[in-house]
Amino acid sequence: MEPDNQSLLPRSTALHSLVIRLAAADRGRLPATLGRAIHAQVMHWLSVKDSSLASQIHNSQESPISLSGLIGHRRKGNVQPDDRFYFRISLLDGGLIYPLLAGIEAGEAEPITLAGFPFVLCGIDSLPGTHAAAGSSDYTLLAKTPHISGDITLQFLSPTSFKQKQVTQPFPLPELVFGSLLRRWNTFAPLDLQFSAIEWQGFVSAYELKTYAFKLEGGAEIGAQGIVRYRFPNVEQARVATVLAHFAQFSGVGRKTAMGMGQAKLINS
Amino acid sequence: MVLYYCTLTLHDNVFFATREMGILYETEKYLHNWAISFALFETEYIPRPYRLGGEMAQKPSYLDRHQEQNLLCLNDVGIYVFPAQPIVWAYQINTFKAAQVSYYGISKQFGEKDARRNYPVNYGRAKELAVGSQYRTFIVAPDSVELPSQKWIRLGKWAAKLQVQIQPIPESGIAQKSGEFLCQHPLNPLDLPNSTQLVLYNRIVMPPVSLVSQAKLNGDYWLVAKPSSEQHSPQWSNLTELPNPICLPRGAFYGARQSVVAS
Chain D
150 MEPDNQSLLP RSTALHSLVI RLAAADRGRL PATLGRAIHA QVMHWLSVKD
200 SSLASQIHNS QESPISLSGL IGHRRKGNVQ PDDRFYFRIS LLDGGLIYPL
250 LAGIEAGEAE PITLAGFPFV LCGIDSLPGT HAAAGSSDYT LLAKTPHISG
300 DITLQFLSPT SFKQKQVTQP FPLPELVFGS LLRRWNTFAP LDLQFSAIEW
350 QGFVSAYELK TYAFKLEGGA EIGAQGIVRY RFPNVEQARV ATVLAHFAQF
400 SGVGRKTAMG MGQAKLINS
Chain E
85 MVLYYCTLTL HDNVFFATRE MGILYETEKY LHNWAISFAL FETEYIPRPY
135 RLGGEMAQKP SYLDRHQEQN LLCLNDVGIY VFPAQPIVWA YQINTFKAAQ
185 VSYYGISKQF GEKDARRNYP VNYGRAKELA VGSQYRTFIV APDSVELPSQ
235 KWIRLGKWAA KLQVQIQPIP ESGIAQKSGE FLCQHPLNPL DLPNSTQLVL
285 YNRIVMPPVS LVSQAKLNGD YWLVAKPSSE QHSPQWSNLT ELPNPICLPR
335 GAFYGARQSV VAS
């Protein structure tokens, strides 16, 4: 089936990771997971300037957006006013940055409410180097990533799981991780940079993982969080896997990346 | 046209209610260029009415030509002040007792049922920029306007005292360029000319118009660079704090993009 996002406008080969900095505006208890609320807020910002674009993204098979959960220090009891948090919005289509920023700007004076809890917007960081989680790149640049070794270590920052033969697989097997990344790369990268299908021959050489429950409206999703090292004996596969591992910090890995699951970053290559 | 380098040193705590979070009122660490512009140039270039009453009272008049105290007066003279970037800054949190007014909250007396602690329940905390904080900014003004090298201004809700030092940047260090550039200095996007395109930026959310920092732009700009050490003239000796090099957009003036309404 042809991906729905082909009709999104405008297309750009840039990749962006924006950090939205928030401060709690009241005291109270925050739900453990705010993935759905953050997704709703981001879609609201997009729909402010272009509601048809927002609905296209909402209905697309592969979302061009991946989102983190709410990151920051959580007190044991209630959140206090001025407690600082942030979340990350990664855009796999660089053309979305302008409607998104315009939408945020249009509504920046309004309080932000996530799961019924009020926040105030403190700032947006989008330039690399200004916040640890902010970044930008380009498909053309990523495709030229030099291949250094066959070992690739990925850190899964939020619960990550995969659909495998109609069941949910929480262990990040190499063919699932890099298969998921390859599919998303081929959906959003320009035609000349797309990779052909690969039968992955990599294996897991080390890992330190734990499963966590990610609470969503439909129930808890179990996913793995931690560090996994992959080894690719085939040189060409190692090269493609290196490119995809760099892409992972923008795209996320596996299921429900637009709800906060599957946030990943490359530790070394 | 002269480009001035300007440093501001806080001799009092500066407070603006940039963000209100419960009972905490926080001041953003950047200083807004519109606030500095009023503080530097009111009475001399911006008329300051003795008293305002009626509909006009308490209504901001930043870009309203029909109001007496507006920033467009500075456009007429050719003066423009960039927002100020913190060089050294610290915060001080002060607790204050809020007015007990009936429309805000029911006043509580000491010892009353809901006044459980031995202080009034109507109180707030102001997160203020502390004494000693230092800022840098840039001012553009025509040759005919003579700016004093030292000046004191008052800024913020408490009319805090700030020392201002203004030094001209020698023309030999300023080059006019066009194209894509990175501006490390904070900018007011509403004051950027339409010919300058904002490509990517960090946003500092603050009223009345949010600023941008570390912006990637496309348009006309000044490249300010100190000459090499052996070519240093005495004019550069006082500009040791000036970042080297720095790019600043050209052609900025108050309300250049008036389609956005300041709140």
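So the sequence lines, in the order shown, correspond to chains D and E.
Going by my numbering, the letters in the first sequence line up with residues 150 to 418, in that order.
Going by my numbering, the letters in the second sequence line up with residues 85 to 347, in that order.
Beta carbons are placed, not taken as given, at the ideal position from N, Cα and C, and that holds for glycine.
Compile a chain-ordered list of the residues in the segment 159-181 of chain D whose CB is closer than 7 Å to at least one CB of chain E.
A172, A173, A174, D175 and R176
Distance cutoff 9 Å, beta carbons only. Does D:D287 sit that close to anything in chain E?
The count along the first sequence starts at 1 and reaches residue 287 of chain D at position 138. No, D:D287 does not count as interfacial toward chain E.
Inter-residue CB distance, D:S285 and D:S166 (contact presumed, cutoff 8 Å):
The count along the first sequence starts at 1 and reaches residue 285 of chain D at position 136. The count along the first sequence starts at 1 and reaches residue 166 of chain D at position 17. That pair is a contact at about 7 Å.
Please classify E:V345 as buried or exposed, where buried requires at least 16 neighbouring CB atoms within 10 angstroms.
Taking the second sequence and counting its residues from 1, the one referred to as residue 345 of chain E is at position 261. Caution applies to E:V345, whose pLDDT of 48 falls short of 50 and renders its modelled position unreliable; the value that the coordinates give is listed next. It counts as exposed.
Name the two residues that bound the continuous alpha helix (DSSP H) containing E:K310.
Here residue 310 of chain E refers to the residue found at position 226 of the second sequence. Looking at the DSSP string, E:K310 is not in any alpha helix (DSSP H), and its letter there is neither H nor E.
Could you tell me which residues DSSP pairs with D:L415 in its beta bridges?
As a working note, residue 415 of chain D is residue 266 in the first sequence. Beta-bridge pairing links D:L415 to D:L303.
Per-residue burial, E:L87 [other beta carbons within 10 Å of its own, 16 or more giving buried]
Taking the second sequence and counting its residues from 1, the one referred to as residue 87 of chain E is at position 3. Its Cβ being crowded by 16 or more others within 10 Å, E:L87 is buried.
Applying the 10 Å Cβ sphere with the 16-neighbour rule, what's the burial state of D:H222?
Taking the first residue of the first sequence as position 1, residue 222 of chain D is located at position 73. Classification for D:H222: exposed.
So is E:S321 buried or exposed if we call it buried at 16+ other beta carbons inside 10 Å?
As a working note, residue 321 of chain E is residue 237 in the second sequence. Exposed.
When the Cα of E:Y164 is compared with those of E:A340, E:P327, E:A336 and E:Q153, which residue comes out closest?
Within the second sequence, the letter at position 80 stands for residue 164 of chain E. Checked all of E:A340, E:P327, E:A336 and E:Q153; the closest Cα to E:Y164 is E:A336.
Which class does D:M192 belong to by DSSP, given the choice of helix, strand or coil?
For the purposes of this step, residue 192 of chain D is identified with residue 43 of the first sequence, where counting begins at 1. Looking at D:M192 - three-state DSSP - the assignment turns out to be helix.
Could you tell me the distance, in whole angstroms, from the CA atom of E:R238 to the CA atom of D:F327?
Start at 1 with the first residue of the second sequence, and residue 238 of chain E comes out as number 154. Start at 1 with the first residue of the first sequence, and residue 327 of chain D comes out as number 178. Approximately 60 Å, taken between the alpha carbons.
Simplified DSSP state of D:H207, which is helix, strand or coil
Here residue 207 of chain D is taken as the residue at index 58 of the first sequence, counted from 1. D:H207 falls in the helix class under three-state DSSP.
Boundaries of the beta strand (DSSP E) in which D:R378 is found, first to last residue
For the purposes of this step, residue 378 of chain D is taken as the residue at position 229 of the first sequence. G368 to R380 is the extent of the beta strand (DSSP E) around D:R378.
Contacting residues, own chain, Cβ-Cβ under 8 Å from D:M150 (five flanking each side not counted)
Locating residue 150 of chain D in the first sequence gives position 1, counting from the first residue. Note that D:M150 scores 39 on pLDDT, short of 50, meaning its location in the model is unreliable; the coordinates nonetheless yield the value given after this. Correct list, in chain order: Q210.
Under 7 Å, CB to CB, which of the residues in the segment 273-297 of chain E have a partner in chain D?
L284, Y285, N286, R287, I288, V289 and S294
Taking the beta strand (DSSP E) that D:G278 falls in, what are its first and last residues?
Here residue 278 of chain D refers to the residue found at position 129 when the first sequence is read from its first residue. No beta strand (DSSP E) holds D:G278; DSSP gives it neither H nor E.
Would a check of beta-carbon distances place E:I330 closer than 9 Å to chain D?
Translated into positions along the second sequence, residue 330 of chain E becomes position 246. No, E:I330 does not count as interfacial toward chain D.
Please look up how many angstroms separate the CB atoms of E:R132 and E:Q153, rounded, as I've assumed it's under 8 Å.
Here residue 132 of chain E refers to the residue found at position 48 when the second sequence is read from its first residue. Here residue 153 of chain E refers to the residue found at position 69 when the second sequence is read from its first residue. Sure, about 6 Å apart at Cβ, within 8 Å.
Using a Cβ-Cβ distance under 9 Å, would E:K181 count as near chain D?
For the purposes of this step, residue 181 of chain E is identified with residue 97 of the second sequence, where counting begins at 1. So no, E:K181 is outside the interface.
For E:S121, which of helix, strand or coil comes out of DSSP?
The residue you call residue 121 of chain E lines up with position 37 of the second sequence. Residue state, collapsed to three classes: helix.
For chain E, find out if any of its Cβ atoms is closer than 9 Å to the Cβ of D:A283; answer yes or no.
By one-based count along the first sequence, residue 283 of chain D stands at place 134. Yes, D:A283 counts as interfacial toward chain E.
Residue nearest to D:Y288 in terms of C-alpha spacing, selected from D:S354, D:P230, D:A397 and D:F305:
Reading the first sequence from its first residue, position 139 is the one you call residue 288 of chain D. Comparing Cα positions, the closest option is D:A397.
Under 9 Å, Cβ to Cβ, is there at least one residue of chain A near D:G221?
Within the model displayed, chain A is absent; protein chains D and E are what it includes.
Can you tell me whether E:N286 is helix, strand or coil according to DSSP?
Taking the second sequence and counting its residues from 1, the one referred to as residue 286 of chain E is at position 202. DSSP places E:N286 in strand when its eight states are reduced to three.
Can you list, in chain order, the residues of its chain with a C-beta nearer than 7 Å to that of E:A168? Leave out the 5 residues immediately preceding and following it.
Here residue 168 of chain E refers to the residue found at position 84 when the second sequence is read from its first residue. Excluding residues within five positions, the ones whose Cβ falls inside 7 Å are L92, Y114, L115, I120, Y219, R220 and T221.
Classify D:S418: buried if its beta carbon has 16 or more other beta carbons within 10 angstroms, exposed otherwise.
Locating residue 418 of chain D in the first sequence gives position 269, where the first residue counts as 1. Its pLDDT being 49, under 50, D:S418 is placed unreliably in this model, and the value from its coordinates should be taken loosely. Buried, by the Cβ-count rule.
Using a Cβ distance threshold of 8 Å, determine whether the segment 249-269 of chain E contacts the segment 236-254 of chain D, with at least three qualifying pairs required.
no
Between the beta-carbon of D:G409 and the beta-carbon of D:H188, is there less than 9 Å?
For this step, residue 409 of chain D is matched to residue 260 along the first sequence. For this step, residue 188 of chain D is matched to residue 39 along the first sequence. Yes.
Given 8 Å as the limit, is there contact between the segment 234-251 of chain E and the segment 273-287 of chain E, that is, 3 or more CB pairs closer than that?
no
Pairing CB atoms from the segment 293-308 of chain D with CB atoms from the segment 174-181 of chain D, are three or more of them under 8 Å?
no
So that I know if they touch, is there some Cβ in chain D lying closer than 9 Å to that of E:L108?
Here residue 108 of chain E corresponds to residue number 24 of the second sequence, with the count starting at 1. Yes, E:L108 counts as interfacial toward chain D.
Measure the CB-CB distance between D:A172 and D:I220 and report whether it falls below 9 Å.
Here residue 172 of chain D refers to the residue found at position 23 when the first sequence is read from its first residue. Here residue 220 of chain D refers to the residue found at position 71 when the first sequence is read from its first residue. Contact: no.
Leaving out five residues on either side along the sequence, give the residues of the same chain with a beta carbon under 6 Å from the beta carbon of E:S262.
In the second sequence, counting from the first residue as 1, residue 262 of chain E sits at position 178. Contacts found: D304.
Beta-carbon proximity check, E:P273 vs E:P144, cutoff 9 Å
The residue you call residue 273 of chain E lines up with position 189 of the second sequence. The residue you call residue 144 of chain E lines up with position 60 of the second sequence. No, they are not a contact pair.
Do the segment 369-388 of chain D and the segment 334-346 of chain D touch if we need at least three Cβ pairs shorter than 8 Å?
no
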